[in-house]
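Participant:
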Amino acid sequence: MAEHLAFNYMLKSILIQDDRKEPVGRGFKSLWAHSTMKSKMQKSDTEWKTCLSPEEYRILREKGTETPFTGKYYKNKKKGMYICAGCGAELFPSDTKYESGTGWPSFWKPAKKENVETKPDNSLFMQRTEVLCKKCGGHLGHVFDDGPEPTGKRFCINSASLNFKEKKSK
Ligand code: FE
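Under this note's numbering, the first residue of the sequence shown carries the number 6, and numbering increases by one thereafter.
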């Protein structure tokens, strides 16, 4: 019953919008835009499965962890930008990458503070801080307080959560 009322309300608000001389369908569009603004990028599991590899899906969408010393970027020393494998957001510039010895790509600072999100993660009997892509909500890895100066942070990130845009020097 509650859903029925909510649906009626939604329909009404669309019709009211369309009454304001907006082209038909615009109401739906603005409603959609509003909902994505609130929760950023929304894709169904099926959609994610079609655009990610099984390993990327397992890590980004199911909060998995890749086996250390196996990822494609832990040894990468090229100059450029690490972007989200899920949505392409710029996450970590190569000049904040360092050799942590953990077998995962490690960075001391994100490209932009607003591009990443952190959340407490108390799974596996540990107290850790999860790092996520703010735009698509993809799981990237964890952040620890044993990194190098100037931040003292170690962003321990799965290669599978990343793609790399190499900066070609001219
Ligand atoms: Fe993303």
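Cβ atoms here follow ideal geometry from the backbone N, Cα and C, with glycine treated the same way.
1) Just curious, the beta strand (DSSP E) that K170 is in, first and last residue?
2) How do the region 139–158 and the region 91–104 stand: do at least 3 beta-carbon pairs fall below 8 Å, yes or no?
3) What does the Cβ neighbour count give for E71, buried or exposed, with the cut at 16 atoms within 10 Å?
4) Do P110 and G76 have their C-beta atoms within less than 8 Å of each other?
5) Buried or exposed: which applies to S174, given that a residue is buried once 16 or more other Cβ atoms fall within 10 Å of its Cβ?
6) For a test of the three-state rule: what should DSSP assign to F74, helix, strand or coil?
7) Could you check where the beta strand (DSSP E) with D151 kicks off and where it finishes?
8) Run the proximity test for A116: is its beta-carbon closer than 7 Å to any non-hydrogen atom belonging to the ligand FE?
Facilitator: By the coordinates alone:
1) In the DSSP annotation of this structure, the continuous segment of the beta strand (DSSP E) that includes K170 starts and ends at 167–171.
2) A contact exists between the region 139–158 and the region 91–104.
3) Only buried fits E71, as 16 or more other CB atoms lie within 10 angstroms of its CB.
4) Yes. Within cutoff.
5) It counts as exposed.
6) Under the three-state reduction of DSSP, F74 is assigned to coil, being neither helix nor strand.
7) Segment: none, D151 is in no beta strand (DSSP E) and carries neither H nor E.
8) It does not: the Cβ of A116 is nowhere closer than 7 Å to a heavy atom of the ligand FE.
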